[in-house]
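Residue numbers (the numbering used here), protein chains in the order written: chain H, 2 to 379; chain A, 2 to 379.
We put the beta carbon where it would ideally sit given N, CA and C, even for glycine.
Quick caveat, the model's predicted, so the values are computed rather than measured.
Each remark here refers to the structure printed beneath this line.
Now the structure itself:
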């Protein structure tokens, strides 16, 4: 039986557009014949006409409702799950609004502004028996799944000792002070916007590849930040994490994860790998931006062994967000509250790392967006 | 006029052999027509026959003296400069022996075991008007000179914001406990033996490229270490340095240097760059091991600009150590006490970084090799 998921889209910006475009792709083209997706409602906080414009622009089928408030959206009985596509400053308030209304939630990354907010959302989801997931779409790419499998099996690159993961965007001219990328009122800066992907690669390789019972948070978190002169947001953040074991689990050794992110340089100019997963027998190199990897290459140290490449296909010309949408649909179908591939606990550990990195470097967002109070008008 | 330098070789191991082989190459093949080198004496601490064997094996011309003690070597009036090729545990004692005897010194890296020892050697050299230099041969490669020039000029890769430099050797099986690589009595471990090259690349790109008056030690030093189970030496060390400016000097921004070193993984498998010097307009990638780079590649971010490659030639089949020997010869000829390309102050700052990294990770060598006392029999 094919299970259909009815989506409500909260916010109408660029990321919402990209997500919905992927939702519209035929799941069969990616061999997903067990699930389908429908957009049943879209909301803009500014006006229903803006939501209607979004529906019209994307030619959404089935006459979805257009709302001018998020409250109306989360109370629509024809919506199963709310996709939250606001800036991360707003995630806690928006996700909580949806959960309190009894709706399942897929919430864009970074999950929240701090770990305290993340924990409250998780508690509410657990109590109310609702699905909740941070929308780290990259984790659901077939490429990511394969890379994690290679690491878990251990044979091809051996024991993983070090991971270098970068997302940097070569915008040396900087951003306008009003840009959400550098606006502290929107929790702007490299860390939450780009660094989450560097951390995703460190965590999905050095942490998530261990059996859940053996996953341990970093034993040390060290970091350094350069601030964007005009606003004080971080523009260049480097994080050194030490994990107490290597993968496959070996607690004689620690492993190092180096997560970097910067506005001013480029993580992968002209085909340079943006991520290197270094094991005792070889390494996996990831090509393309950390958020949308397009190829991996397994490079054995032993020169007699062949270098192996695998390119990621994006069926039906998709951006790659449908794989996470499919995961959400299957979790809902199966009555799961969380995805094993992006579990609550791991989202919280990553938020705790970001909290600590900000603490070490004196990066504080305005009180109302750091607050766990609800509701707070932002 | 051609200036000849008369070398005394202190110790007869692999690195001494490599150095002397390069000394024997005809300087004209590398367009050095202003200087020549002669080996006038060789000493082994164990026996003169071992020194003689070294002379015979390498067919050293001019009948150099063979000594069975370092004391005899440093007192030979036909020697201008002593090349110290012992393990780094012994550098302080050996270099001091030579300086006290009034000889100029070229001392293998790591310079000493700690910064306190380095400072004393520098003080003695200054007082006695003697030349002294840490033998970081890589700095004198035409490739290194070119790379520093590109950074200084700033045009090709813009403002340098981040440098990733690694030397790791893919010896996952580990070393025998008696190996000097892991023997704490010889200050063994990744940091002093391999990490010095990672730090060399960070320093020669982010620090040395500034005018001397603007060079500032790292504003933060953060690090993490994995210990070799059998001996407690470090087998995997990662260092995150923050410098207060970028290069060319811009103190609105900081820069990050990430120096890594490990036994278990490979820094540059199958042609992967081992060093990335990341600027706002592009990056310089260094190929080959960090100690003996063979190629650099300038990768502009702008896809319309060509990628530029330059390969290092090693005239007369040399290993690449003659360029530092030529620098020593020219400094001696010109009456200089230190080389501008590897100044005392920079060797000391790097030793201070290594001291701090060891302090952060509880890595202590035996008291007699950490000692600044002299003489101490090791």
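When DSSP builds the beta bridges, which residues end up paired with residue i?
{"i": "residue 161(A)", "result": "248(A), 280(A)"}
{"i": "residue 134(A)", "result": "107(A)"}
{"i": "residue 8(A)", "result": "40(A), 82(A)"}
{"i": "residue 167(H)", "result": "261(H)"}
{"i": "residue 29(H)", "result": "DSSP output for residue 29(H) lists no bridge partner at all."}
{"i": "residue 242(A)", "result": "222(A), 258(A)"}
{"i": "residue 298(A)", "result": "286(A), 310(A)"}
{"i": "residue 237(H)", "result": "227(H), 263(H)"}
{"i": "residue 66(A)", "result": "42(A)"}
Please report how far the alpha carbon of residue i lies from the alpha carbon of residue j, in whole angstroms.
{"i": "residue 16(H)", "j": "residue 118(H)", "result": "22 Å"}
{"i": "residue 149(A)", "j": "residue 143(A)", "result": "10 Å"}
{"i": "residue 218(H)", "j": "residue 200(H)", "result": "13 Å"}
{"i": "residue 300(A)", "j": "residue 272(A)", "result": "15 Å"}
{"i": "residue 193(H)", "j": "residue 32(A)", "result": "53 Å"}
{"i": "residue 175(H)", "j": "residue 365(H)", "result": "21 Å"}
{"i": "residue 289(A)", "j": "residue 335(A)", "result": "33 Å"}
{"i": "residue 98(A)", "j": "residue 83(A)", "result": "10 Å"}
{"i": "residue 204(A)", "j": "residue 157(A)", "result": "20 Å"}
{"i": "residue 284(H)", "j": "residue 112(A)", "result": "32 Å"}
{"i": "residue 90(H)", "j": "residue 124(A)", "result": "56 Å"}
{"i": "residue 185(A)", "j": "residue 370(A)", "result": "9 Å"}
{"i": "residue 1(A)", "j": "residue 161(A)", "result": "The question about residue 1(A) has no answer, for chain A in this structure spans 2 to 379."}
{"i": "residue 320(H)", "j": "residue 23(H)", "result": "7 Å"}
{"i": "residue 281(H)", "j": "residue 233(H)", "result": "40 Å"}
{"i": "residue 36(A)", "j": "residue 29(A)", "result": "9 Å"}
{"i": "residue 267(H)", "j": "residue 379(A)", "result": "49 Å"}
{"i": "residue 360(A)", "j": "residue 206(A)", "result": "25 Å"}
Establish whether the CB of residue i and some CB of chain A are separated by less than 8 Å.
{"i": "residue 180(H)", "result": "no"}
{"i": "residue 284(H)", "result": "yes"}
{"i": "residue 227(H)", "result": "yes"}
{"i": "residue 252(H)", "result": "no"}
{"i": "residue 162(H)", "result": "yes"}
{"i": "residue 246(H)", "result": "no"}
{"i": "residue 230(H)", "result": "yes"}
{"i": "residue 223(H)", "result": "yes"}
{"i": "residue 38(H)", "result": "no"}
{"i": "residue 262(H)", "result": "no"}
{"i": "residue 210(H)", "result": "no"}
{"i": "residue 350(H)", "result": "no"}
{"i": "residue 266(H)", "result": "yes"}
{"i": "residue 171(H)", "result": "yes"}
{"i": "residue 255(H)", "result": "yes"}
Could you tell me whether any Cβ in chain H is nearer than 8 Å to the Cβ of residue i?
{"i": "residue 194(A)", "result": "no"}
{"i": "residue 207(A)", "result": "no"}
{"i": "residue 175(A)", "result": "no"}
{"i": "residue 276(A)", "result": "no"}
{"i": "residue 279(A)", "result": "yes"}
{"i": "residue 378(A)", "result": "no"}
{"i": "residue 159(A)", "result": "yes"}
{"i": "residue 300(A)", "result": "yes"}
{"i": "residue 353(A)", "result": "no"}
{"i": "residue 270(A)", "result": "yes"}
{"i": "residue 183(A)", "result": "no"}
{"i": "residue 13(A)", "result": "no"}
{"i": "residue 237(A)", "result": "yes"}
{"i": "residue 304(A)", "result": "yes"}
{"i": "residue 152(A)", "result": "no"}
Examine the ligand FAD and report whether any of its heavy atoms sits within less than 7 Å of the Cβ of residue i.
{"i": "residue 346(A)", "result": "Annotation note on the ligand FAD: not contained in the displayed structure, which lists no ligands."}
Rounded to whole angstroms, how far is the Cβ of residue i from the Cβ of residue j, which I believe are closer than 8 Å?
{"i": "residue 59(H)", "j": "residue 18(H)", "result": "7 Å"}
{"i": "residue 48(A)", "j": "residue 69(A)", "result": "5 Å"}
{"i": "residue 8(H)", "j": "residue 141(H)", "result": "16 Å between Cβ atoms; not a contact."}
{"i": "residue 96(H)", "j": "residue 122(H)", "result": "5 Å"}
{"i": "residue 86(H)", "j": "residue 12(H)", "result": "4 Å"}
{"i": "residue 322(A)", "j": "residue 20(A)", "result": "5 Å"}
{"i": "residue 231(A)", "j": "residue 146(A)", "result": "At roughly 40 Å, the Cβ-Cβ gap does not stay under 8 Å, so residue 231(A) and residue 146(A) are not in contact."}
{"i": "residue 42(A)", "j": "residue 65(A)", "result": "5 Å"}
{"i": "residue 345(H)", "j": "residue 339(H)", "result": "5 Å"}
Is it true that the stretch 257–264 of chain A meets the stretch 158–167 of chain A, where meeting means three or more beta-carbon pairs spaced less than 8 Å apart?
Result yes; three or more Cβ-Cβ pairs closer than 8 Å.
Touching by the beta-carbon criterion (3+ pairs, under 8 Å), the stretch 108–117 of chain H and the stretch 236–256 of chain H
no
The stretch 215–235 of chain H in contact with the stretch 294–308 of chain H per 3-pair CB rule at 8 Å:
no
Are the stretch 305–319 of chain H and the stretch 298–316 of chain A touching by the rule of at least three beta carbon pairs closer than 8 Å?
With the cut-off at 8 Å, the stretch 305–319 of chain H and the stretch 298–316 of chain A do not touch.
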